[in-house]
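Written below as structure tokens is the structure these notes are about.
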Amino acid sequence: MCTTCGCGSGDIPLDRHKDDVEHEHAHIGADGVVYRHVHRHHHHGPEVAHRHDAEPAVSREVRIERDILAKNDSFAAANRLGFEQEGVLALNLVSSPGSGKTSLLVRTIEALQGKTSVAVIEGDQQTSLDAERIRATGVAAVQVNTGKGCHLDAQMVQRALAEQTPTPDSLLFIENVGNLVCPAAFDLGEAAKVVILSVTEGEDKPLKYPDMFRAARLMLINKCDLLPYVPFDVQRVIENARRINPAIEILQLSALTGAGVAEWLEWLERELGAVKARRADSVDALKRRVKDLEVQLQAQHTFPANEPHDL
Amino acid sequence: MHELALAESVLQMIDDAAQANGFHRVRKIVLEIGQLAAVDPAAMRFCFDAVVRETVADGAVLEIEEIPGVGWCADCAAVVPMDDFVAACPQCGRFAVQSRSGRELRLKTLEVE
């Protein structure tokens, strides 16, 4: 209700004081002047009141100076810390719709079966079709529907992780919404973004969508089995990608035939190895630190440092 | 169109600030958007107008300060203007320009009452 003007206190018939219904009422200003006027207003909670020009409000400046993405980034940092502590290699798979992300995932999961534990988070605007395709391989998949949203954000990933926690020393694929624009801006806490580009798309995609190709660590050129049938210049797409991101790694493969998938699996193994090694290092460092503290504690017991010594 | 999500983030920050600073209306919002931040100021305005309706920021003026992109060329070490991530270094013509500024995306100040 509108607290400043006193509407809703009973002096206005209820049917006239509904949202957007014009009505008349009076205000008494601080100077004792009575303002009588006709108005309509939206009802939206006690903190929002309308103001009269005759009673100018004092304005002030509030400095915020914060990144607009700060909230997303703090969720992403929490996700990343969780992944590092558990030795989970989390990869954010991004591409246009139809590049073959889900087919590549199915092929990858089948190849890793019995060797590496895999979990999947599927992001789509609607339906759980992709998660069902993943579950058919026997791997757990959480479907996140973004609804009107065009990308996954770090908080959505956090909620999905609460639903299904990845096992330690495992791979987590986060398949983002098919979109080469928006997912580039939202850190999910992943170790790397992997961008997938299929040969049925243009070689100029890296130039048209530079933010995504700049954000990615690895580019996978998919559907290479179709190269004989499409006018796609692999060298040109590689040049274009390196123009945007000189450090980007590039692999060519076909999720359909399996050609080039071995190199992709090697890449995954190497990256997962690095994540596990970092985790082992930090566990070792923690163990050393505990040992040091125990030694110090022992020393304090034997020679109490705080007690005065007799001279 | 991730501007919609960004506009919602800005509104969330305004709501948090309203709680912390005890204001009930926002007159002006100043954002800093870098030229290389992948955010279109016009789309941001459009989305912002939509999300602030019937909130403390309804009717507020949205001021956007655009920060020009500045790059550093890893090949010739020149500091150069950078309009996008595709452009070659204007000094040496190679493509090793790394962004130094222009990726800002910040809520700077609010004028409130």
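Protein sequence lines correspond, in order, to chains A and B. Mapping to my numbering: the first sequence position 278 is 278, numbers consecutive. Mapping to my numbering: the second sequence position 51 is 51, numbers consecutive. All residues carry an ideal CB built from backbone N, CA and C; glycine is no exception. Nothing here was measured: the structure is a model prediction, and the numbers come from that model.
Considering leucine 251/A, what are the terminal residues of the beta strand (DSSP E) in which it resides?
-> Within the first sequence, numbered from 1, the residue matching residue 251/A stands at position 251. 249-252 is the span of the beta strand (DSSP E), which, as asked, contains leucine 251/A.
Where alanine 111/A and glycine 147/A are concerned, what is the direct C-alpha to C-alpha distance, given to the nearest angstrom?
-> Residue mapping note: residue 111/A aligns to position 111 of the first sequence, counting from 1. Residue mapping note: residue 147/A aligns to position 147 of the first sequence, counting from 1. Their Cα atoms are separated by approximately 32 Å.
Tell me glutamine 143/A's beta-bridge partners as DSSP assigns them.
-> By 1-based counting over the first sequence, the position of residue 143/A is 143. DSSP output for glutamine 143/A lists Glu122/A as bridge partner(s).
Name, in chain order, the residues that DSSP records as bridge partners for glutamine 98/B.
-> In the second sequence, the residue the question calls residue 98/B occupies position 98. Answer is Trp72/B.
Establish whether the CB of proline 97/A and some CB of chain B are separated by less than 9 Å.
-> Here residue 97/A is taken as the residue at index 97 of the first sequence, counted from 1. By this cut-off, proline 97/A is not an interface position.
C-beta neighbour in chain A for proline 82/B, strict 9 Å | The residue you call residue 82/B lines up with position 82 of the second sequence. As written in the sequence, residue 82/B is methionine, which differs from the proline given in the question. It does not: the Cβ of methionine 82/B has no partner Cβ on chain A nearer than 9 Å.
May I ask you to list the residues that DSSP assigns as paired with threonine 109/B?
-> Looking up residue 109/B in the second sequence gives position 109. Partner(s): Arg63/A, Val30/B.
What separation, rounded to the nearest whole angstrom, lies between the Cα atoms of asparagine 176/A and leucine 293/A?
-> To locate residue 176/A, count along the first sequence from 1; it is residue 176. To locate residue 293/A, count along the first sequence from 1; it is residue 293. Roughly 44 Å between the two C-alpha positions.
By DSSP, does phenylalanine 23/B sit in helix, in strand, or in coil?
-> Here the question's residue 23/B lines up with position 23 in the second sequence. Coil.
How close, in whole Å, do the beta carbons of alanine 119/A and proline 168/A come, if the pair is a contact with beta carbons under 8 Å?
-> In the first sequence, counting from the first residue as 1, residue 119/A sits at position 119. In the first sequence, counting from the first residue as 1, residue 168/A sits at position 168. About 12 Å separates the two Cβ atoms, so there is no contact after all.
Who does phenylalanine 321/A pair with in a DSSP beta bridge?
-> Residue numbering for chain A in the displayed model covers 1 to 311; residue 321/A lies beyond these limits and cannot be assessed.
Phenylalanine 186/A CB to nearest chain B CB: under 9 Å?
-> What you label residue 186/A is simply residue 186 of the first sequence in a count that begins at 1. Yes, contact with chain B.
Are the CB atoms of valine 275/A and phenylalanine 83/A nearer to each other than 9 Å?
-> Position 275 of the first sequence, counted from the start, is the residue given in the question as residue 275/A. Position 83 of the first sequence, counted from the start, is the residue given in the question as residue 83/A. For valine 275/A and phenylalanine 83/A, yes; Cβs fall inside 9 Å.
Within 9 Å, strictly: CB atoms of threonine 137/A and isoleucine 109/A | Along the first sequence, read from residue 1 onward, the residue named residue 137/A stands at position 137. Along the first sequence, read from residue 1 onward, the residue named residue 109/A stands at position 109. Yes, these two residues count as a Cβ contact at 9 Å.
Establish whether the CB of arginine 242/A and some CB of chain B are separated by less than 9 Å.
-> Here residue 242/A refers to the residue found at position 242 of the first sequence. Answer yes: the Cβ-Cβ gap between arginine 242/A and chain B drops below 9 Å somewhere.
For serine 198/A, which residues of its own chain have a beta-carbon under 6 Å away from its beta-carbon, when the five flanking residues on both sides are left out?
-> Taking the first residue of the first sequence as 1, we reach residue 198/A at position 198. Same-chain partners within the cutoff: Ser99, Gly100, Asn222, Lys223.
Of the listed residues Glu32/B, Met44/B, Val79/B, Ala38/B, nearest to alanine 174/B (C-alpha basis) = Beyond the ends of chain B as shown, which are 1 and 113, falls residue 174/B; an answer cannot be given.
For cysteine 7/A, three-class secondary structure by DSSP | Position 7 of the first sequence holds residue 7/A. At cysteine 7/A, the pLDDT of 34 sits below 50, so the modelled position is not reliable and the matter cannot be decided from this model.
Just how far apart, CA to CA, sit leucine 297/A and valine 290/A?
-> The residue you call residue 297/A lines up with position 297 of the first sequence. The residue you call residue 290/A lines up with position 290 of the first sequence. Distance between the alpha carbons of leucine 297/A and valine 290/A is about 10 Å.
So, is the C-beta of valine 86/B closer than 9 Å to a C-beta in chain A?
-> What you label residue 86/B is simply residue 86 of the second sequence in a count that begins at 1. Closer than 9 Å: yes.
Cross-strand partners of glutamate 63/B (DSSP beta bridge) | The residue labelled residue 63/B in the question sits at position 63 within the second sequence. Val30/B.
DSSP bridge partner residues for valine 88/A (one or two, in chain order) = As a first step, residue 88/A is located in the first sequence; it is residue number 88 there, counting from the start. In the DSSP output, where bridge partners are listed per residue, valine 88/A has none listed.
With a CB to CB cut of under 8 Å and the five nearest residues on each side skipped, what residues in its chain are close to cysteine 92/B?
-> Residue numbering aside, residue 92/B sits at position 92 when the second sequence is read from its first letter. Around cysteine 92/B: Cys73, Asp75, Cys76, Ala78.
Three-state class that DSSP yields for asparagine 72/A in the structure shown | For this step, residue 72/A is matched to residue 72 along the first sequence. Residue state, collapsed to three classes: helix.
Sufficient close CB pairs (3 or more, under 8 Å) joining the segment 82-97 of chain A to the segment 52-59 of chain B = no
Can a CB atom of chain B be found closer than 9 Å to the CB of alanine 49/A?
-> By 1-based counting over the first sequence, the position of residue 49/A is 49. With a pLDDT of only 49 at alanine 49/A, under the threshold of 50, the placement of this residue in the model should not be trusted, and no figure is reported.
So serine 103/A is in the alpha helix (DSSP H); what residue range does that whole segment cover?
-> Working through the first sequence from its first residue, we reach residue 103/A at position 103. Counting along the chain, the alpha helix (DSSP H) containing serine 103/A begins and ends at 101-112.
Name the DSSP beta bridge partners of isoleucine 221/A, please?
-> Within the first sequence, numbered from 1, the residue matching residue 221/A stands at position 221. Its beta-bridge partners are Leu197/A, Gln252/A.
For the candidate residues Gln235/A, Leu226/A, Gln143/A, whose alpha-carbon lies nearest to that of threonine 257/A?
-> Residue mapping note: residue 257/A aligns to position 257 of the first sequence, counting from 1. Measuring from the Cα of threonine 257/A, the nearest candidate turns out to be Leu226/A.
Taking glutamate 114/B as the query, report the chain A residues whose CB atoms sit under 7 Å from its CB, ordered along the chain.
-> No statement about residue 114/B is possible, as the shown extent of chain B runs from 1 to 113 and does not include it.
If you count every other CB in all the chains shown that lies within 10 Å of the CB of glutamate 203/A, and 16 or more means buried, which is it?
-> In the first sequence, the residue the question calls residue 203/A occupies position 203. With 16 or more other Cβ atoms within 10 Å, it is buried.
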